[in-house]
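Q: If you're matching positions, the sequence shown starts at 106 in the numbering used here and goes up one per residue. This is the structure, below, for whatever I ask next.
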Amino acid sequence: LSLKYSELEAGKYYVIDKDGKIYLPEHFKTSDEGFNSLIRKEVFKEAVEYRASPHVKFLKKLKIADSEPYSDAGHLTYLPRGSLMLDLLMDYSLNVVLKLGAVPVHTSIMYDLNMPSIREHAKLFGQRMYRVKPGKREFILRYAACFGQFAMLRRYYLSKKDLPLKVFEMADSYRYEQRGEIKGLARIRRFYMPDLHVITKDLEEAMEEFKKIYNVIFSEAKTFGWEYYSLYNVTLDFINAKWDFIIDLVKMEGKPVLLYTVVPGKYYWVINIEFHYIDSLGKPLETATVQIDVGNSKRFNIKYFDDDGSKRYPVIIHTAIHGSIERFLFEFLEEAAKMKSNGRKPMLPLWLSPVQVRIIPVTKRNIKYSELIQEQIESAGFRVDIDDREITVSRKIKDAESDWIPYIVVVGDQEESQNILSVRIRNVGVKEYNLEELIDELTKKTIGYPKRPLYFSKYVSRRPIFT
Ligand SMILES: [Zn+2]
């Protein structure tokens, strides 16, 4: 029943199992529901409806983001909490590529479609674009960082020793998605793409770097306890020339992958892998991607000089290790929805929680002491606020719970006189700490993750209400 790679036809789906055997999707049986849902969506074109997606409710409930009727559909407004989360995710994503040795840049968001290289790349990319014509020249808004980075790289003098060169941009990107498909964070018209390009000297080096990035993508998913399912889009000539490389990737992954065969030259890449996250409703959403591009260096006249002084065109890897920042956030919110359906309280990781610790003074006379505690936890690098409103303690606890705050500290006369903190830890229970122990635990749980201060008043009573 299994096929040989030389028998594959263009424009078709196949399954490669973990041992490298090829099957038609209808002949492949697995109990892995994640992989089955990827097959249903990609091969059998089952519609995926994100409208009912729980993350959409969380965006509103937690005051993260909302659509803006004064702007276009799919352009979100992030409220202070959401902005804080977005910035933390961007910091996190930047740190991952900095560890890989990437060089961050910022380039323009608009490009002249009359430039042949821009026009050709845009055509091969195949996305619907925003057009802007402020004067005589017409521009398109970027849908990824490729244009700006390639336009910049063509002006660099590169030699072989400079490669591989990794260029990174947190690129706000614009895609004119169909109106009916827009919902929540899953499909939007404006998003942030943590876009990395790796400039390599030849296909061999590109394949080596590709494997490294592949590993990073999987280790990132593992860090958060997520499972990714892969769709390999590969041209027929790359399949025939580099089948061993493809099988190496499948074996690294250790589970079946879906393969789609592409006519050579239809796109700018020879291999393009999309990694799919399975949401709380069991539906796949593409997040991370990695591609090998053999055409754009020539198109944009990006070249490097070999040892003998001869001019060569590099091979370029395009990758977004975290897909888009919005889909990265989508994943955390859908994980929270999974907790909820498993009977736990939904929550975010401590490092990503807008408020990490809330202090609740029992009476007015406990506010001073609460402020003292707040200052010390804050100076240790955590986001901590005080619910100083004149309402009951039980109501304050209820509100903190409804905001998914991971640590709630209730401060009354007894706690104050005994120097003990009574702490409600989300999904754990009530524990007693002294201040040092609490700071110690917070530090241990957030080590290696980005830190940012509160983006709003530390006093709950002094925050305007968004309706
Ligand atoms: Zn790119």
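All C-beta atoms in this analysis are idealised placements derived from N, C-alpha and C, irrespective of residue type, glycine included. This one's a predicted model, so the numbers in the text were calculated from it and none came from an experiment.
Go to R145, then tell me how far its alpha helix (DSSP H) extends in each direction, as first and last residue.
A: E138 to E147
Q: Compute the beta-carbon to beta-carbon distance between V420 and V395, rounded to the nearest angstrom, for a pair I have assumed lies under 8 Å.
A: Rounded to whole angstroms, the Cβ separation of V420 and V395 is 13 Å, and the two are not in contact under 8 Å.
Q: For R500, which of helix, strand or coil comes out of DSSP?
A: Helix at R500.
Q: Tell me, please, whether the region 457 to 473 touches the region 181 to 196 by the rule of three or more beta-carbon pairs shorter than 8 Å.
A: yes
Q: With 16 other CB atoms within 10 Å as the buried threshold, where does L363 fall?
A: buried
Q: In three-state DSSP terms, what is K288?
A: strand
Q: Output the distance between the C-alpha atoms of I53 and L189, rounded to the nearest integer angstrom.
A: Since the first and last residues shown for the chain are 106 and 572, residue 53 lies out of range.
Q: Who are the Cβ neighbours of L453 in its own chain at under 7 Å, not counting the five residues just before and after it?
A: F437, A441 and W509
Q: Verify the contact flag: H160, CB atom, against every heavy atom of ligand 1, threshold strictly below 7 Å.
A: no
Q: Terminal residues of the continuous alpha helix (DSSP H) containing G253?
A: C251 to L258
Q: Let me check you understand the geometry: is the CB of D300 closer than 7 Å to at least one non-hydrogen atom of ligand 1?
A: yes
Q: Going by the beta-carbon positions, is the gap between I478 and I502 smaller than 8 Å?
A: Against a cut-off of 8 Å, the Cβ pair of I502 and I478 comes out as no contact.
Q: Would Y418 and K403 qualify as a contact pair, given that the criterion is a beta-carbon distance under 8 Å?
A: yes
Q: Would you mind sorting M298 into buried or exposed? The rule is 16 or more other CB atoms within 10 Å of its CB.
A: Flag for M298 reads buried.
Q: Taking the continuous alpha helix (DSSP H) assigned at F437, which residues delimit it?
A: I430 to S446
Q: Less than 7 Å separating the Cβ of F423 from some heavy atom of ligand 1?
A: According to the sequence provided, residue 423 is His. The question's Phe does not apply to it. H423 Cβ: within cutoff of ligand 1.
Q: When the distance is taken between beta carbons, is K271 closer than 8 Å to Y409?
A: For Y409 and K271, no; Cβs fall outside 8 Å.
Q: With distances taken from CA atoms, which of I344, I378, T340 and W374 is nearest E358?
A: I378
Q: Using a beta-carbon distance below 8 Å, is G330 in contact with chain C?
A: Among the protein chains of the structure shown there is no chain C, as only one such chain exists.
Q: What's the C-alpha gap between G553 and G414?
A: In a straight line, the C-alpha of G553 is about 43 Å away from that of G414.
Q: So the candidates are S111, D171 and K134; which of them puts its Cα closest to the Cα of F571?
A: Its Cα nearest to that of F571, the residue D171 stands out among S111, D171 and K134.
Q: Any heavy atom of ligand 1 closer than 7 Å to the Cβ of A227?
A: no
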